[in-house]
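This report refers to the structure that appears directly beneath it.
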Amino acid sequence: MIDLEVEIDTHNVSLFLHGVRAEAIPKASVRALNKVIVSVRQEAIQHVHRVRRMKKGTIRKSMLIVRATRRHLEARIKASNRPVSLKEYSAKVGGSKAHKRVIINVTGKREVLEHAFMPASLHGHVFERVGSKALPIKKLWGPSIGSALLK
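The opening position of the sequence shown corresponds to residue 1 in UniProt numbering, with each subsequent residue numbered one higher.
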């Protein structure tokens with residue numbers, strides 16, 4: 001979990017606010033919240049990257065910032081709770097020509113998926129066969145980005 005601690009000296013704030021126009025306060029609050037939420041998202045991206053070993057760009061795309069407005073003085077980050085394709089976890093093909101397998105890195109340690117494969121025609125996604133025949137195949141998924149934020 002990400003810990004964020006904010007300390008406010010209310011005495012200095014009240015002295016400052018006596019010299020500021022009343023209509024400028026909501027606008028300044030919105031700007032401050034929107035600047036802070038970008039920094040919070042960056043910290044969340046760093047945290048997820050340490051836990052899940054994904055590309056930071058992929059993590060950033062899955063996090064949506066809901067910005068503050070003058071009517072709604074609240075800024076939030078929404079992280080996707082959908083499973084992520086194993087392709088995003090540095091998947092690569094390993095093994096000999098006769099015994100193919102896929103190596104992934106989800107938690108910082110490499111894991112070998114013995115019966116998985118990555119066909120070039122399907123853009124690097126990881127699959128496994130469901131039956132003994134060539135088809136059908138099943139796409140493999142990894143943990144979500146939202147679950148990494150809870151750790």
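Glycine included, every Cβ here is placed at the ideal spot set by N, Cα and C.
Per DSSP, the bridge partner or partners of residue i
i       : result
Ser-85  : Trp-141
Val-112 : Ile-103
Phe-117 : Phe-127
8 Å Cβ cutoff met for residue i and residue j
i           : j       : result
Ser-85      : Ile-145 : no
residue 184 : Gly-94  : Here the chain comprises residues numbered 1 to 151, so residue 184 is not present and cannot be evaluated.
His-49      : Ile-37  : no
Ala-148     : Val-126 : no
Arg-31      : Val-106 : no
Sequence-distant residues of its chain with Cβ nearer than 8 Å to residue i (five each side left out)
i       : result
Lys-27  : Arg-70
Glu-128 : Leu-113, His-115, Ala-116, Phe-117, Ile-137, Lys-138, Leu-140
Val-51  : Thr-107, Ala-148, Lys-151
Spatial distance of residue i from residue j (CA atoms)
i       : j       : result
Ile-65  : Arg-41  : 8 Å
Phe-16  : His-72  : 23 Å
Asn-12  : Ile-25  : 15 Å
Gly-57  : Glu-88  : 10 Å
Arg-76  : Arg-67  : 7 Å
Ala-44  : Gly-131 : 40 Å
Ala-134 : Gly-124 : 18 Å
Asn-34  : Ala-79  : 17 Å
Arg-21  : Arg-110 : 58 Å
Sequence-distant residues of its chain with Cβ nearer than 6 Å to residue i (five each side left out)
i       : result
Val-112 : Arg-101, Ile-103
Local conformation of residue i per DSSP, three classes
i       : result
Ala-75  : coil
Val-93  : strand
Arg-129 : strand
Leu-64  : strand
Ala-32  : helix
Pro-26  : helix
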